[in-house]
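Enquirer:
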Amino acid sequence: MARLLDKPWLWAFVGAFVVWIATALFTGGMGAGEVLTAAFTFAVFFVIVGIGQMFVITLGPGNVDLSVPATITLAGAVSTKLMDTADSMILIGFLAAMGVGLGVGVLNYGLIRLLRIPPIIATLSAAFIIQSTAIAYGRGLRIKPPEMLADFTTTRIAGMPVLAICVIVLAGVMAVVLNRTIYGRSVIAIGQNRRAARLAGISVEWTRFATYTMCALFASLCGYLLSGFSGGASLGMGEEYLLASIAVVVIGGTSVAGGFSNVPGLWGAALFMFLLVTMLNTFGAAAGVRLIMTGLIIITVIVLAGGRKAPR
Amino acid sequence: MATLVSPRILRSVLPAASLALLMLAIFWLQPRAASYMGLNLMLGLAIPIALATIAQMFILTVNDLDLSIGAYVGFCACIAGTLLVDAPVYGVLALAGGVLAYALLGALIHVRNLPSIVVTLGMSFVWLGAAVLILPRPGGSSPGWIRWLMTLRPEYVPFPILAATAIAAVVHLGLMRTSYGAVLRGAGGNPRAIERAGWSLLKAKMTMYAFAGIFGMLAGLALIGLTTSADANIAARYTLLSIAGVILGGGEFVGGRVSPTGAVIGAITLTLAGSFLTFLQIPPDWQIGATGAILIIVLALRALINRAEER
Chain S
1 MARLLDKPWL
11 WAFVGAFVVW
21 IATALFTGGM
31 GAGEVLTAAF
41 TFAVFFVIVG
51 IGQMFVITLG
61 PGNVDLSVPA
71 TITLAGAVST
81 KLMDTADSMI
91 LIGFLAAMGV
101 GLGVGVLNYG
111 LIRLLRIPPI
121 IATLSAAFII
131 QSTAIAYGRG
141 LRIKPPEMLA
151 DFTTTRIAGM
161 PVLAICVIVL
171 AGVMAVVLNR
181 TIYGRSVIAI
191 GQNRRAARLA
201 GISVEWTRFA
211 TYTMCALFAS
221 LCGYLLSGFS
231 GGASLGMGEE
241 YLLASIAVVV
251 IGGTSVAGGF
261 SNVPGLWGAA
271 LFMFLLVTML
281 NTFGAAAGVR
291 LIMTGLIIIT
301 VIVLAGGRKA
311 PR
Chain W
1001 MATLVSPRIL
1011 RSVLPAASLA
1021 LLMLAIFWLQ
1031 PRAASYMGLN
1041 LMLGLAIPIA
1051 LATIAQMFIL
1061 TVNDLDLSIG
1071 AYVGFCACIA
1081 GTLLVDAPVY
1091 GVLALAGGVL
1101 AYALLGALIH
1111 VRNLPSIVVT
1121 LGMSFVWLGA
1131 AVLILPRPGG
1141 SSPGWIRWLM
1151 TLRPEYVPFP
1161 ILAATAIAAV
1171 VHLGLMRTSY
1181 GAVLRGAGGN
1191 PRAIERAGWS
1201 LLKAKMTMYA
1211 FAGIFGMLAG
1221 LALIGLTTSA
1231 DANIAARYTL
1241 LSIAGVILGG
1251 GEFVGGRVSP
1261 TGAVIGAITL
1271 TLAGSFLTFL
1281 QIPPDWQIGA
1291 TGAILIIVLA
1301 LRALINRAEE
1311 R
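Chains as they are written, first to last, in the working numbering: chain S, 1 to 312; chain W, 1001 to 1311.
#1: Consider the C-beta atom of Y1238 of chain W and the heavy atoms of the ligand FAD; say whether any pair is separated by less than 7 Å.
#2: Listing by chain order, which chain S residues have their CB less than 9 Å from the CB of F1279 of chain W?
#3: Measuring only between beta-carbons, confirm whether D1231 of chain W sits less than 8 Å from chain S.
#4: Here's the rule I'm using: 16 or more other beta-carbon atoms within 10 Å means buried, otherwise exposed. How should D151 of chain S be labelled?
#5: DSSP three-state call for R195 of chain S: helix, strand or coil?
#6: May I have the straight-line CA-CA distance separating A1103 of chain W from A1096 of chain W, to the nearest angstrom?
#7: List the residues of chain S whose Cβ lies closer than 7 Å to the Cβ of L1061 of chain W, in chain order.
#8: Closest by CA to G1144 of chain W, which one among W:R1011, W:D1086, W:A1293, W:L1051?
#9: Output, in chain order, the set of chain S residues within a Cβ distance shorter than 7 Å of L1014 of chain W.
#10: For chain S, check one thing: does any of its Cβ atoms lie closer than 8 Å to the Cβ of I978 of chain W?
#11: Give me the DSSP bridge partner(s) of R156 of chain S.
#12: Excluding five sequence neighbours on each side, which residues of the same chain lie with their C-beta closer than 6 Å to the C-beta of F229 of chain S?
#13: For V68 of chain S, would you say it is in contact with chain W, using Cβ-to-Cβ distances shorter than 8 Å as the test?
#14: Using only the alpha-carbon positions, how far apart do L1304 of chain W and L1248 of chain W sit?
#15: Check the Cβ of M1123 of chain W against every Cβ in chain S and list those closer than 8 Å, keeping chain order.
#16: Give the straight-line distance between the Cα atoms of I168 of chain S and G93 of chain S, rounded to the nearest whole angstrom.
#17: With a threshold of 8 Å between beta carbons, is K309 of chain S in contact with chain W?
#18: What do you reckon, are the CB atoms on A127 of chain S and V263 of chain S nearer than 8 Å?
#19: In terms of residue numbering, what span does the alpha helix (DSSP H) encompassing K1203 of chain W cover?
#20: For R142 of chain S, which residues of its own chain have a beta-carbon under 8 Å away from its beta-carbon, when the five flanking residues on both sides are left out?
#21: Look at the alpha carbon of P311 of chain S and the alpha carbon of P1138 of chain W, and state the distance between them as a whole number of angstroms.
#22: Under DSSP, the alpha helix (DSSP H) around Q1030 of chain W begins and ends at which residues?
#23: Would G316 of chain S count as contacting chain W if we go by Cβ distances under 8 Å?
#24: Which residues, taken in chain order from the segment 1292 to 1308 of chain W, show a beta carbon closer than 7 Å to some beta carbon of chain S?
#25: Please state whether DSSP places A1087 of chain W in a helix, a strand or coil.
Rendered as structure tokens:
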């Protein structure tokens, strides 16, 4: 029990549970199951981008990928246009989305390395270009996703979205990658002390390259699935994922100073974020109040989690 | 030769040189732009962006990043478009509250050692929500005196140029030429040294955040003076533009190395880049991309200069 209480990801799940109960009490238990189904349906996308962002943030202070929303939009636009509603093109569309992710990852890391600039500025500059490409490429794009892809993203088994099950498995795999592989341990080591990691013989640059590329790949995967889920790609589809990708990482109990992270918290935080908005909606809060509450809760969580003193 | 073109001089000339180059290109493409009216039109929107960039610069000086400045400028514009017209006392109080919130945010981030990115990202929702509550639909009107100021037509020199010069001069004198300004920059450059010397880091950080709040507010006021109506999302793109502006203007990301003059020049460069693309008849879709490209080119040049310096 004491060991369980020690887990940093516990509080995200507790928060999600409390908010869900509050919603259910307000409605007298009506629709509580549906709310949970919806929460799993939407949380999936937060978790996918959250995994990539978490690995990046784990690399240490200053590491964050601001190009996630633009990458989502570009991958969604490219894959939807390429698939052109044809079921037979689903795999090609997926590969195209991954190609976008690979390209973005190389671009981001290239800027960080060649220009020797902080990752925030590098990914910001890249985001400008990626977003513009997406806008120019996707203008007037009104293509529905292939039916099979749309079905896959919306199918449920006993109220549980199939996609959510897949992403729970994916999260499990990534947890193993983080905690049990040389690559994952390298990421954590670099986040705790980059100099020590380098002296210990860890290939810092290769690890950083792999991490930024992986983050872009996850963002692309999110864009691909999201365009299937929401009936096509749109230019603003990535917008809310900048905050979401960082928020789920932080609320999930990962240290923003880097070096300490966990995968389960992403799920807890993603569910919490969705259920919170649902609760405020159920209570009939105005759009403005909802936004203010979302902001204040994120700040409260980060204040409570506290800034672990960054190792200097 | 080697002393004449030292990396240090090159680096400080880079922002102004890029602006001059862009200006020349615009005048070459469209000679009529080189007139009083042309400059007035092209540079008008540069004033709020320059003010927001200065606000972002204050935050960057203490090694933080403000991802809420766009939402905050929008919030201030909404207050100015509604409360400041209908009930000036409450309007002024609300704007002062915004500045106070910024100072407290600085204190919170310092005391709890929080990552500014996450806190300000959360604040962007708070400002946006507050703006939506005040002004659910685009509308409002601009207070007469702000409108009067922003549409001034002084003789010979267009108002935006005068305003930009004044902003750069005031901030330069305050931050670069006063002794407390040096302490404030030191709080970003070498916090431990500043603390050992007996200065309060908390006070320094709160001051910098408060100044960011003040200049963000001025950006909101200037913006509504130009547009005459407000909207909660009116300044959403200012967040990224302001960061790009500071970096373009020669500001470093960490270490308190910033340049107010450079920041204003950076903001003007970004604004003019839009006009340049229009004159080139490049579709507006590529405007954001051009911002990114300019940023990368300037950073690449700077990296080259730095590399030359190391040799």
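Idealized CB from N, CA, C, for every residue including glycine.
Expert: Walking through what the data contain:
#1: Absent from the structure shown: the ligand FAD. Ligands present: none.
#2: Sequence index remark: in the second sequence, residue 1279 of chain W carries index 279 (1-based). Taking a Cβ-Cβ cut-off of 9 Å, F1279 of chain W has no neighbours in chain S, whose nearest Cβ is about 18 Å from it.
#3: Numbered from 1 along the second sequence, position 231 holds the residue referred to as residue 1231 of chain W. Taking Cβ atoms only, chain S never reaches closer than 8 Å to D1231 of chain W, which makes this a no.
#4: Here residue 151 of chain S refers to the residue found at position 151 when the first sequence is read from its first residue. When all chains shown are included, D151 of chain S counts as exposed.
#5: The residue labelled residue 195 of chain S in the question sits at position 195 within the first sequence. DSSP places R195 of chain S in helix when its eight states are reduced to three.
#6: Within the second sequence, residue 1103 of chain W is the residue found at index 103, counting from 1. Within the second sequence, residue 1096 of chain W is the residue found at index 96, counting from 1. Roughly 11 Å between the two C-alpha positions.
#7: Numbered from its first residue, the second sequence carries residue 1061 of chain W at position 61. The residue asked about is misnamed: residue 1061 of chain W is Thr in this sequence, not Leu. Simply none; closest approach about 15 Å.
#8: On the second sequence, position 144 is the one that residue 1144 of chain W refers to. Closest option to G1144 of chain W, Cα to Cα, is W:D1086.
#9: For the purposes of this step, residue 1014 of chain W is identified with residue 14 of the second sequence, where counting begins at 1. Neighbours of L1014 of chain W on chain S: none; closest Cβ ~14 Å, over 7 Å.
#10: The question about residue 978 of chain W has no answer, for chain W in this structure spans 1001 to 1311.
#11: Along the first sequence, one-based indexing puts residue 156 of chain S at 156. The partner list for R156 of chain S (beta bridge, DSSP) reads S:P161.
#12: Translated into positions along the first sequence, residue 229 of chain S becomes position 229. For F229 of chain S, where only same-chain residues beyond five positions count, the Cβ hits under 6 Å are T153.
#13: Within the first sequence, the letter at position 68 stands for residue 68 of chain S. For V68 of chain S, the answer is no, since every Cβ of chain W falls outside 8 Å of its Cβ.
#14: As a first step, residue 1304 of chain W must be located in the second sequence, where it is residue number 304. As a first step, residue 1248 of chain W must be located in the second sequence, where it is residue number 248. Cα atoms of L1304 of chain W and L1248 of chain W: separation of roughly 15 Å, rounded to the nearest angstrom.
#15: Within the second sequence, residue 1123 of chain W is the residue found at index 123, counting from 1. The answer, in chain order, is G295, I299.
#16: Your numbering for residue 168 of chain S matches position 168 in the first sequence. Your numbering for residue 93 of chain S matches position 93 in the first sequence. Roughly 23 Å separates the two Cα atoms.
#17: On the first sequence, position 309 is the one that residue 309 of chain S refers to. Bear in mind that the predicted position of K309 of chain S carries a pLDDT of just 44, short of 50, making it too unreliable to give a figure here.
#18: The sequence position of residue 127 of chain S within the first sequence is 127, counting from 1. The sequence position of residue 263 of chain S within the first sequence is 263, counting from 1. Going by C-beta atoms, A127 of chain S is not nearer than 8 Å to V263 of chain S.
#19: As a first step, residue 1203 of chain W is located in the second sequence; it is residue number 203 there, counting from the start. Residues 1201 to 1227.
#20: As a position in the first sequence, residue 142 of chain S is number 142, starting the count at 1. Excluding positions up to five away in sequence, the list reads G232.
#21: Indexing the first sequence from 1 puts residue 311 of chain S at position 311. Indexing the second sequence from 1 puts residue 1138 of chain W at position 138. Low confidence applies to P311 of chain S: its pLDDT is 37, below 50, so where it sits in the model is not reliable, and the reading given next is rough at best. P311 of chain S and P1138 of chain W: Cα-Cα distance of roughly 47 Å.
#22: On the second sequence, residue 1030 of chain W is found 30 positions in, with the first residue counted as 1. Where Q1030 of chain W is concerned, there is no enclosing alpha helix (DSSP H), given that its DSSP letter is neither H nor E.
#23: Since the displayed chain S opens at 1 and closes at 312, residue 316 of chain S lies outside it and no answer follows.
#24: G1292, A1293, L1295, I1296, L1299, A1300, A1303
#25: Numbered from its first residue, the second sequence carries residue 1087 of chain W at position 87. Coil.
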